[in-house]
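Student: Encoded as structure tokens, here's the structure I'll be asking about.
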Amino acid sequence: MLKEAAALDCSDEEKAATIDICRILADLSPRGEAVPTRRLFERLEGHYARALLESRLSVLMRAGSVEKDRDVLHEQDVRLTLPGALSLVLVPWISSMFGQRALLELLSRAQARAQSPAASAEDVRADLAELRRVLSTYASQLRRMVDDRRTAEMIEYARDCDDRELVNRIGGLRETVARSFPRQLADDLDRLSIACDWYIAQQQRLLKLLSSTPGTRGHWVRGDEVHEVMRSAAPAQLAGLWDGIAFDEAPFWVSPEKVLKAVEELTFRPSSDVPVPEAGVHDAATALAGDPLEELRMLAEHLLAGSDERDLTEEFLTRPWPFPAVILADLTVLAGLDDRYMLRYPGNLALRETGTVTRVATGVILRRAPSARRENLRDGAVADGVLR
Amino acid sequence: MTAQDDEVALSLARLRRAGWLPASDLPFAQAEERAAQAGRQVIIADGEDGAAAVAVLTWQGTEPAGSKSSPWLPRRTLPANATKTLVVAHALLTDPLASRSAVTQVQVLAVIRLLTSRDADSWAVPALQQVLPQAGLLILLDEGWAAGPVMRAWDPPTRDVMRHAARRLWEHPMWPVTRHG
Numbered sequence: 013m014l015k016e017a018a019a020l021d022c023s024d025e026e027k028a029a030t031i032d033i034c035r036i037l038a039d040l041s042p043r044g045e046a047v048p049t050r051r052l053f054e055r056l057e058g059h060y061a062r063a064l065l066e067s068r069l070s071v072l073m074r075a076g077s078v079e080k081d082r083d084v085l086h087e088q089d090v091r092l093t094l095p096g097a098l099s100l101v102l103v104p105w106i107s108s109m110f111g112q113r114a115l116l117e118l119l120s121r122a123q124a125r126a127q128s129p130a131a132s133a134e135d136v137r138a139d140l141a142e143l144r145r146v147l148s149t150y151a152s153q154l155r156r157m158v159d160d161r162r163t164a165e166m167i168e169y170a171r172d173c174d175d176r177e178l179v180n181r182i183g184g185l186r187e188t189v190a191r192s193f194p195r196q197l198a199d200d201l202d203r204l205s206i207a208c209d210w211y212i213a214q215q216q217r218l219l220k221l222l223s224s225t226p227g228t229r230g231h232w233v234r235g236d237e238v239h240e241v242m243r244s245a246a247p248a249q250l251a252g253l254w255d256g257i258a259f260d261e262a263p264f265w266v267s268p269e270k271v272l273k274a275v276e277e278l279t280f281r282p283s284s285d286v287p288v289p290e291a292g293v294h295d296a297a298t299a300l301a302g303d304p305l306e307e308l309r310m311l312a313e314h315l316l317a318g319s320d321e322r323d324l325t326e327e328f329l330t331r332p333w334p335f336p337a338v339i340l341a342d343l344t345v346l347a348g349l350d351d352r353y354m355l356r357y358p359g360n361l362a363l364r365e366t367g368t369v370t371r372v373a374t375g376v377i378l379r380r381a382p383s384a385r386r387e388n389l390r391d392g393a394v395a396d397g398v399l400r
Numbered sequence: 012m013t014a015q016d017d018e019v020a021l022s023l024a025r026l027r028r029a030g031w032l033p034a035s036d037l038p039f040a041q042a043e044e045r046a047a048q049a050g051r052q053v054i055i056a057d058g059e060d061g062a063a064a065v066a067v068l069t070w071q072g073t074e075p076a077g078s079k080s081s082p083w084l085p086r087r088t089l090p091a092n093a094t095k096t097l098v099v100a101h102a103l104l105t106d107p108l109a110s111r112s113a114v115t116q117v118q119v120l121a122v123i124r125l126l127t128s129r130d131a132d133s134w135a136v137p138a139l140q141q142v143l144p145q146a147g148l149l150i151l152l153d154e155g156w157a158a159g160p161v162m163r164a165w166d167p168p169t170r171d172v173m174r175h176a177a178r179r180l181w182e183h184p185m186w187p188v189t190r191h192g
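In order, the protein sequence lines correspond to chains A and B.
Numbering of the first sequence is given in this note's numbering, commencing with residue 13 and proceeding in unit increments.
Numbering of the second sequence is given in this note's numbering, commencing with residue 12 and proceeding in unit increments.
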């Protein structure tokens, strides 16, 4: 495991290359057959430099994560071993264990151990001591970060730190330990409390600094950034920085974005190529089906089936999805456009179990307005008269 | 500080401000050394048709883009209308079928009118007469506007963008087909 962890002491790109080598090896040989290194490099050379890939592969082979197919000098074929396959899962997990999350993880372990009936006082004491050491180390690191005004790191750290959660978790651990081992571990708990207080004090110092007024922060953040750039920049960047500071007027710069925009403006062609649509021909069949409002009325009349009011809840519970939603939407539109139809919501919820699922529908009542009834009757009478 | 140092500093300041200087006005070796210390370089662009050679201040590698956050690296971006005028003038100057060494104001305005169906006198004339010569991008000769020292010393990325822009204009159906300089 230590050998696996040693592979983490490298840059992000090296870590990513390591993980990708393991992934590609696993993908290329699902049955465990050996993979030619040439093929492996071909797959990855688009993403990483060849030298980097070679160095990562040799690190993996030293650690035993990747092995040669045959133990001969110029063997070109390799395969992934069990530790290599495991590192596919473990490396990203360990890499993300940073900041307060790692502390919380440790606390969870200590809490679980303290709650276990089989745990001895010595085991719990060792856990508390380990936690105290980590807390002290974190607090020292925080103090240095704040003292040195390392802005980027401070913001990174503050992003996922929550001192209240940490205090609560340590309080919970104290109670558990005090209950399980009364008086046996009192000194250890006191020492843990001191370390925790110091850590919290440093964390609050950091948060206070980050939340200070922009003016105060600007006082040191800006200088800090310039300092940071000057410490790590290449000569060309330094020249650019100095160029911006020292001269009030830079030479004109031809911005590529503006050039492309200028070309767009100069070569703009109104869309005259789009053909003008021909005049349509009257088609009686399509013209009849045209009025959507009439279709909605037909739907309402179909549902009402001649009566003035119909409770649609049952309909919604039985019809397959999405018809209930579509019908409700259609009727809502109709009720808004035509005042002869109304929707009423009594406010009840209806449930029906069908096999393994339960359907839910709100109570909805479709009503014909009284005036509409009279109108329909009159229309009906007129129609009857015509027919007669 | 010796008089020669003064001279170098003065010519560097002039070079820095204008972007270019007649090569004869610049103590090249010292200027090159100072420029290299600042991550920049001085190159000599030969004049065309017997024009005097000029020294142009450029960047080693690609010119860095302006930074939009702190620390700010201010760039004096060429204004949009001047950029548009420059694109047209450059396309006219580099049109492979016309082989022009200079373009006139009338030609530039006519091309803009052909391409956009609008008059450009209000913005293209000030750009041609003031902004672009001041930036060293165009230079006024007897026969019209020719490529200025800064244009002649463009870095490859800028040259590529401008060539791409010129090609787009040449392919436009309204690009003038009169093939004489």
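A virtual CB, placed ideally from N, CA and C, is assigned to each residue, including glycine.
A quick note: this is a predicted structure, and the numbers were derived from the prediction, not measured.
Going by alpha carbons, who is nearest to B/VAL172 out of A/VAL266, A/GLU165 and A/PHE280?
Tutor: Checked all of A/VAL266, A/GLU165 and A/PHE280; the closest Cα to B/VAL172 is A/VAL266.
Student: Can you tell me the Cα-Cα spacing of A/GLY227 and A/GLU54, whole angstroms?
Tutor: Reliability of the predicted coordinates at A/GLY227 is poor, the pLDDT of 46 falling under 50, and the value obtained from them is presented with this limitation in mind. Taking the straight line joining both Cα atoms gives about 53 Å.
Student: Contact defined as beta carbons within less than 8 Å: I believe B/GLY26 pairs with B/LEU97. What is the distance between those atoms, to the nearest angstrom?
Tutor: The sequence shown places Leu at residue 26 of chain B, rather than the Gly named in the question. B/LEU26 to B/LEU97, Cβ: 21 Å. No contact.
Student: Could you compute how far the alpha carbon of A/MET166 sits from the alpha carbon of A/SER77?
Tutor: About 36 Å.
Student: Name, going along the chain, the residues of the region 38-52 of chain B whose beta-carbon falls closer than 7 Å to a beta-carbon of chain A.
Tutor: Flagged, chain order: ALA49, GLY50 and ARG51.
Student: For A/ALA274, return the contacting residues in chain B, with the cut-off set at a CB-CB distance below 9 Å.
Tutor: Under the 9 Å cutoff, chain B gives ALA91, ASN92, THR94, LYS95, THR96, LEU97, VAL98, VAL99 and ALA176.
Student: Anything in chain B within Cβ reach of A/PRO268, meaning under 7 Å, just list it in chain order.
Tutor: In chain order: VAL172.
Student: Using only CA atoms, which one of B/PRO160, B/VAL136, B/GLN48 and B/ALA49 lies nearest to B/PRO33?
Tutor: Checked all of B/PRO160, B/VAL136, B/GLN48 and B/ALA49; the closest Cα to B/PRO33 is B/PRO160.
Student: Give the interface partners of B/GLY30 over in chain A, defined as CB-CB distance under 9 Å, in chain order.
Tutor: Ordered by position in chain A, the residues that pass the 9 Å Cβ test against B/GLY30 are PRO263 and PHE264.
Student: Helix, strand or coil for A/TRP232, going by three-state DSSP, please let me know.
Tutor: Low confidence applies here, because A/TRP232 scores a pLDDT of 46, under 50, leaving its location unreliable; read the following figure in that light. DSSP places A/TRP232 in helix when its eight states are reduced to three.
Student: For my contact list, A/ARG217 and A/VAL158 are in at a C-beta cut-off of 8 Å; report their separation, rounded to the angstrom.
Tutor: Confirmed, Cβ separation roughly 5 Å.
Student: Taking A/ALA124 as the reference, which of A/LEU40, A/LEU305 and A/SER192 has the closest Cα?
Tutor: Nearest of A/LEU40, A/LEU305 and A/SER192 to A/ALA124, Cα basis: A/SER192.
Student: Inspect the beta-carbon positions of A/GLY69 and A/THR49 and report whether they are closer than 8 Å.
Tutor: A quick correction: the sequence has Leu, not Gly, at residue 69 of chain A. The answer is yes: Cβ separation under 8 Å.
Student: Kindly indicate which residue of A/ASP199, A/VAL372 and A/ARG113 has the alpha-carbon position closest to the one of A/ALA406.
Tutor: This structure cannot settle anything about residue 406 of chain A, because the visible part of chain A is limited to 13 through 400.
Student: When we look at the beta-carbon of A/PRO42 and count the other beta-carbons within 10 Å, is it buried (16 or more) or exposed?
Tutor: Its Cβ having fewer than 16 others within 10 Å, A/PRO42 is exposed.
Student: What are the residues in the region 210-225 of chain A lying within 9 Å of chain B by C-beta distance?
Tutor: Under the 9 Å Cβ criterion, the region 210-225 of chain A contributes no residue.
Student: I need the DSSP call for B/MET185, collapsed to helix, strand or coil.
Tutor: Here B/MET185 sits in coil by DSSP.
Student: How long is the line joining the alpha carbons of B/GLY195 and A/GLU290, rounded to whole angstroms?
Tutor: With chain B running from 12 to 192 in the structure shown, residue 195 of chain B is simply not present.
Student: Kindly list the residues whose CB is nearer than 6 Å to the CB of A/VAL179, restricted to its own chain and excluding five residues on each side of it in sequence; keep chain order.
Tutor: Hits under 6 Å: none found.
Student: I'd like to know whether the C-beta atoms of A/LEU56 and A/ILE33 end up nearer to each other than 8 Å.
Tutor: In this structure, A/ILE33 lies closer than 8 Å to A/LEU56 by Cβ.
Student: Determine which residues of the region 102-132 of chain B have a Cβ less than 8 Å from any Cβ of chain A, and write them out in chain order.
Tutor: Answer set for the region 102-132 of chain B: ILE123, LEU126 and THR127.
Student: Roughly how many angstroms separate the alpha carbons of A/LEU72 and B/ILE54, rounded to a whole number?
Tutor: Taking the straight line from one Cα to the other gives about 49 Å.
Student: Can you tell me the Cα-Cα spacing of A/ARG309 and A/ARG380, whole angstroms?
Tutor: Looking at the two C-alpha atoms, the distance is approximately 11 Å.
Student: Per DSSP, what are the beta-bridge partners of A/THR374 in this structure?
Tutor: Answer by DSSP bridge pairing, in chain order: A/LEU361.
Student: Cα-Cα, which of A/GLY318, A/ASN360, A/LEU363 and A/LEU311 is closest to A/ILE339?
Tutor: The residue with the shortest Cα to Cα distance from A/ILE339 is A/LEU311.
Student: May I ask you to report which of helix, strand or coil DSSP gives A/GLY227?
Tutor: For A/GLY227, the predicted model reports a pLDDT of 46, less than 50, meaning its position is unreliable and no value from the coordinates is stated.
Student: Leaving aside the five residues before and after A/GLY230 along the sequence, list all residues of the same chain whose C-beta is less than 8 Å from its C-beta, in chain order.
Tutor: Note that A/GLY230 scores a pLDDT of 45, beneath 50, so its modelled location is shaky; the value from the coordinates is reported in the next line. Answer for A/GLY230: no residue qualifies.
Student: Who are the neighbours of B/LEU151 on chain A, taking C-beta pairs under 8 Å?
Tutor: The premise fails here: B/LEU151 is roughly 17 Å from chain A at the closest Cβ pair, so nothing lies under 8 Å.
Student: Measuring CB to CB, does A/LEU118 end up less than 8 Å from A/LEU140?
Tutor: No; because the gap between Cβ atoms is not below 8 Å, this pair is not in contact.
Student: Put B/THR13 into one of helix, strand or coil per three-state DSSP.
Tutor: If DSSP states are grouped into helix, strand and coil, B/THR13 belongs with coil.
Student: Restricting to runs no shorter than 4 residues, where is the alpha helix (DSSP H) found entirely within the region 169-201 of chain A?
Tutor: Taking only runs of at least 4 residues, the alpha helix (DSSP H) segments lying wholly in the region 169-201 of chain A are 175-192.
Student: From A/ALA246 to B/MET162, what does the alpha carbon distance come to, in whole angstroms?
Tutor: Spanning the two alpha carbons is a distance of roughly 27 Å.
Student: What residues are listed by DSSP as bridge partners for B/TRP156?
Tutor: B/VAL114 and B/LEU151.
Student: So what's A/THR279 in DSSP terms, helix, strand or just coil?
Tutor: In this structure, A/THR279 counts as coil in the three-state DSSP scheme.
Student: Express the C-alpha separation of A/SER120 and A/ALA126 in angstroms, rounding to a whole number.
Tutor: Each residue's alpha carbon lies about 10 Å from the other.
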